[in-house]
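Undergrad: There's a structure below that I have some questions on.
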Amino acid sequence: MKKTIFCFLLILAVFVSCTDRKDAEIVYRPQIGITAAHIFDDYEPFMDNDFDMGKDGWKLNLQVLIYDEQGHLVDKAGKLCSSLSDVLTYDKYLAPGNYTVISIADFRDGLGGEGYRFWSLDNESDLKDLSITENETIYPVVFETLGIDVRNVEITDSMQPITADIKPVTSLVEIFMSDKDYAGWGVDGYSRFSVLTDGYFIKALKFKNNIRFKNGQMDYRYSEQISDYNIAVSYVYEKWTNREAPTGYNYRALLPETDKGFSYHIQKRDLPDEYYDQFVILCGEFDTEGLSNVLPEIKSNTQYVVNMILDAMQLVAFEYTDDFSHERYTLQYVSDYNRKLIDEMVHFGYEEIVGLPESTLRSYLQAEPYGYNESGTVAYYSHSHSSHFEKYVTVRYETGSREKSNRIMLQLPVMDDDMVAYLVNELGNTFTRYSNVGNVYQFTDKATVQESRCGIILSVESLPTSEIGSNDNICLYFDYIK
């Protein structure tokens, strides 16, 4: 949040030596101030009130555990706070010696109601057995954050006051469910897959949820081997039908881990086959499982982003940067991803398969036509798979027997001028430029027309209702010429 919450801890060091009798035990009264005022300082909220404890009734729990050199619990103290700026002060008498002081900040109550806690402490009487484990019931908010400060302290008559300024041991992962129409051919501003998808889960491939203390240092573990752990869910169809905001987000606070990867699992709508097939014609098929890139490490007190872009069926993870903007990042990602799909489309080999019979074309296209024109010379294919840039493929044949194709037409999605220019350039780098008149660009698959078996035509038009700079009637033709 890059804001400083000013908290002035005016703590006086008072060390009292009790020597009423010659053989009386000598003890000192240290002053230890525990604060979590800066626990969110290195994080940025998506919405301004995301870190507001009062919004849902969250309380900050501060506690301190003091262990002697043998690891036995000597004393503890705690305070349930209504503000991040609250301070827990420990000022009880302790015998001279070396101690391990563990200060903990966690959040309680809130959405879970009175008594709810994200993290539970067990076996606190002995440091080697002390265990902090995450609750199985989680609310996806920033207050899952856990802060711990561990320090070794020597109690003497000359020690200075101690301030434990607790910072997170968890990371903060901001998870976006980007179900908006980014491809330009969605439904009412929502991804085209909204009509086919009940929703999806975003999962962590592995998940540490327990902290132990080894030689006084934190050791992050699995309380049990947890895999495919749900960290977010998007109710896609419900959002679309209720006209809710297409982009959702939540937070998760995850313990440090190496080789951190994520996955998504899509739940398709339970529809009769005939209805589902009709929707596929309009929207295209897609894979229900997918993986993100793998983060080499996820670190304490570090913010990350996990972004599921439904239109692209892509899940991406990266470390948060100061200039991050979800909308700007997602638009740029989709643009870069579409360029990749354009490259794959141009190099698919349509110029090589035009001219083949339908029986062979089907195997190349990996699809079956859903219908034909009246004469049987034109075959219509459903909306392409989500991994393709082209929307629809239409194949024209010389006769109704469909023994020889003479045109493959690709209907393309809405493109802005920059994307059209990229496509024209990619076609020019792959094929031989022949001519262009207005918004019609012609190419051949060989150096000369005489050598070529295929002519390629890109036609770019805008419908009368189009927005300025939006090209929404774009077709790419592969014509058999020999």
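Numbering (this note's numbering), first residue to last: 452 to 933.
Heads up, the beta-carbon is just placed ideally off N, CA and C, and yes, glycines get one too.
1. With DSSP as the reference, please indicate the residues paired to Ser-678 in a beta bridge.
2. Taking C-beta to C-beta, are Ile-908 and Val-891 nearer than 8 angstroms?
3. Bridge partners of Ile-907, per DSSP?
4. Can you tell me where the alpha helix (DSSP H) with Lys-791 in it begins and where it stops?
5. Relative to the C-alpha of Leu-597, which residue among Pro-496, Leu-524 and Pro-707 is closest?
6. Can you tell me the Cα-Cα spacing of Asn-789 and Val-871, whole angstroms?
7. Apart from the five residues on each side of it in sequence, which residues of its chain come closer than 8 angstroms, Cβ to Cβ, to Leu-792?
8. As a quick exercise: from Val-552, Glu-565 and Asp-493, pick the residue whose alpha carbon is nearest that of Asp-577.
9. Please go through the region 721-751 and give each complete beta strand (DSSP E) segment of 3 or more residues, from N-terminal end onward.
10. Is Ser-642 closer than 8 angstroms to Asp-632 when the C-beta atoms are compared?
11. With DSSP as the reference, label Tyr-567 as helix, strand or coil.
12. Could you give the first and the last residue of the continuous beta strand (DSSP E) run that contains Gly-699?
13. Quick check: the Cα distance between Glu-605 and Ile-555, rounded to an integer number of angstroms?
14. Quick check: the region 610-630 against the region 753-762, are there 3 or more CB pairs under 8 angstroms?
15. Considering only the alpha carbon of each residue, which of Ala-763, Asp-794 and Glu-770 lies closest to Gln-783?
16. Can you tell me whether Arg-694 is helix, strand or coil according to DSSP?
17. Suppose you measure from the CA of Arg-472 to the CA of Gln-482; what does that come to, to the nearest Å?
18. Which residue or residues does DSSP assign as beta-bridge partners of Tyr-831?
19. So what does DSSP say about Asp-492, is it helix, strand or coil?
20. Contact defined as beta carbons within less than 8 angstroms: I believe Phe-929 pairs with Tyr-832. What is the distance between those atoms, to the nearest angstrom?
21. Which value, in whole angstroms, describes the spacing of the CA atoms of Ala-898 and Asn-880?
22. Does the structure place the region 643-652 close enough to the region 709-724 that three or more beta carbon pairs sit under 8 angstroms?
23. Taking the alpha carbon of Lys-543 as the point to measure from, which residue in Val-515, Cys-532 and His-523 has its own alpha carbon closest?
24. Where do the N-terminal and C-terminal ends of the alpha helix (DSSP H) with Arg-813 fall, by residue?
25. If you measure between the beta carbons of Asn-661 and Thr-588, is that distance less than 8 angstroms?
26. Provide the residue span of the alpha helix (DSSP H) that contains Val-756, from first to last.
27. I'd like the list of long-range same chain contacts for Phe-730, defined as Cβ closer than 8 angstroms, with 5 residues on each side in sequence excluded.
28. Please look up how many angstroms separate the CB atoms of Tyr-828 and Tyr-843, rounded, as I've assumed it's under 8 angstroms.
29. With distance defined between alpha-carbon atoms, name the residue in Val-785, His-523 and Val-593 nearest to Phe-502.
30. Given this structure, state the Cα-to-Cα distance separating Gln-765 from Leu-742, to the nearest angstrom.
31. Are Leu-863 and Cys-926 closer than 8 angstroms when you measure CB to CB?
32. Given a cut-off of 8 angstroms, decide if Leu-705 and His-834 are closer than it, judged by their beta-carbon atoms.
33. By a C-beta neighbour count over all protein chains shown, 10 Å radius and 16 as the cutoff for buried, is Pro-619 buried or exposed?
34. Helix, strand or coil, according to DSSP, for Gly-598 in the structure here?
35. State the start and end residues of the unbroken alpha helix (DSSP H) segment that holds Asp-519.
36. Alpha carbon to alpha carbon, how far is Pro-808 from Gly-635? Give it in angstroms, no decimals.
TA: In brief:
1. Lys-657
2. yes
3. Phe-894 and Phe-929
4. 777-797
5. Pro-707
6. 11 angstroms
7. Ser-838, His-839 and Phe-840
8. Val-552
9. 740-742 and 746-749
10. yes
11. coil
12. 698-703
13. 20 angstroms
14. yes
15. Ala-763
16. coil
17. Below a pLDDT of 50, predicted positions are generally treated as unreliable, and Arg-472, at 36, falls in that range; no measurement from the model is reported.
18. Gly-822 and Thr-845
19. coil
20. 14 angstroms between Cβ atoms; not a contact.
21. 12 angstroms
22. yes
23. Val-515
24. 809-816
25. no
26. No alpha helix (DSSP H) contains Val-756, which is instead part of the beta strand (DSSP E) from 754-760.
27. Val-646, Leu-647 and Leu-722
28. First, the amino acid is wrong: residue 828 is Thr here, not Tyr. Not a contact, Cβ separation roughly 17 angstroms.
29. Val-593
30. 8 angstroms
31. yes
32. no
33. buried
34. strand
35. Per DSSP, Asp-519 belongs to no alpha helix (DSSP H) and is neither H nor E.
36. 33 angstroms
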